[in-house]
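Written below as C-alpha cells is the structure these notes are about.
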Amino acid sequence: MERYGSIFKTSLVGVQVIVSTDSDLNSLVFKKEDEVFQSWWPNSMTEVFGRTNLSTLYGGLHKFTKNMVLNQFGPERLKEMLSEIESVSKIHLARWAQKGTVEVKTAASDMILSFAAKKLISHDLDKSLENMRENFEAFITGLISFPIAIPGTAYYKCLQV
Numbered sequence: 318m319e320r321y322g323s324i325f326k327t328s329l330v331g332v333q334v335i336v337s338t339d340s341d342l343n344s345l346v347f348k349k350e351d352e353v354f355q356s357w358w359p360n361s362m363t364e365v366f367g368r369t370n371l372s373t374l375y376g377g378l379h380k381f382t383k384n385m386v387l388n389q390f391g392p393e394r395l396k397e398m399l400s401e402i403e404s405v406s407k408i409h410l411a412r413w414a415q416k417g418t419v420e421v422k423t424a425a426s427d428m429i430l431s432f433a434a435k436k437l438i439s440h441d442l443d444k445s446l447e448n449m450r451e452n453f454e455a456f457i458t459g460l461i462s463f464p465i466a467i468p469g470t471a472y473y474k475c476l477q478v
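Okay, structure coming up:
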C-alpha cells in the first residue's frame, strides 16, 4: 500500500478493478452500492454459485434479498439467538478444557460451523465435523481460485463438494 496508496486501479484476473483500503471510501461504496458502484466477483464464484446468485444481484431484487437475509441474521435476530450461542459456546469450551492444547483458529471455526449448520440446515455436526470442515475449506478455497476445472486444482475440488 505504501507504493500505490490506499486507492488504486489494477487488473485482477484480467478484469480492471479499483482496490481501496480507505475506510471512508469503503463506507461510501457500501452505502451507495447499486446506485453509484457495482459489486464484482471472480468468475470462479459465479460459476460455483450460478449466474443469478445473491452476490450477482443488483437493484430492487438485491435490496429485497438483502433485507430477507438481514431479517434472518441481522442484529435483532442475533440478539434472539444469543442464549443458543452461549450454550453452544459453553459446550465447546468444556471440550477444549479437557484437551491439553487447543488450536484456537480451528476450534473457533468448528464452533461457528457447528452452530451455523444447526441453525441453517438443522444438522448436528458432532459426528461429521471434521468432514464438514474439510469440505467447507475446499469450497472456500475454490471460490477464490482460478476457474480451471482440472483434477487436483482448488476449483475442481470446490466443484466436487
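Here the sequence shown is numbered in our numbering, starting from 318 and rising by one per residue. Every residue gets a Cβ at the ideal spot worked out from N, C-alpha and C, and that includes glycine.
{"query": "Which term fits Tyr-321, buried or exposed, when burial requires 16 or more other beta carbons within 10 angstroms of its beta carbon?", "result": "exposed"}
{"query": "Helix, strand or coil, according to DSSP, for Val-332 in the structure here?", "result": "strand"}
{"query": "Helix, strand or coil: which one does DSSP assign to Thr-470?", "result": "coil"}
{"query": "Return the CA-CA distance between Leu-345 and Lys-474, expressed in angstroms with no decimal places.", "result": "36 Å"}
{"query": "Excluding the five sequence neighbours on either side, which residues of its own chain have a C-beta within less than 8 Å of the C-beta of Ser-406, listed in chain order?", "result": "Met-428"}
{"query": "What does DSSP give as the partner residue(s) for Phe-325 in the beta ladder?", "result": "Val-336"}
{"query": "What is the DSSP secondary structure of Glu-454, counted as helix, strand or coil?", "result": "helix"}
{"query": "Cutting at 8 Å between CB atoms, please list the residues of its own chain near Gln-477, excluding the five before and the five after it.", "result": "Ala-455"}
{"query": "Between Ser-340 and chain B, is the shortest Cβ-Cβ distance under 8 Å, so that the two count as touching?", "result": "No chain B appears in this structure, which consists of one protein chain only."}
{"query": "Can you tell me whether Glu-401 is helix, strand or coil according to DSSP?", "result": "helix"}
{"query": "Identify every residue that forms a DSSP beta bridge with Glu-420.", "result": "Paired residues: none, contrary to the question."}
{"query": "Let me make sure I understand the geometry here. Which of Lys-380, Ala-471, His-409 and Glu-393 has the alpha-carbon closest to that of Lys-348?", "result": "Lys-380"}
{"query": "How many angstroms separate the CA atom of His-409 from the CA atom of Pro-392?", "result": "23 Å"}
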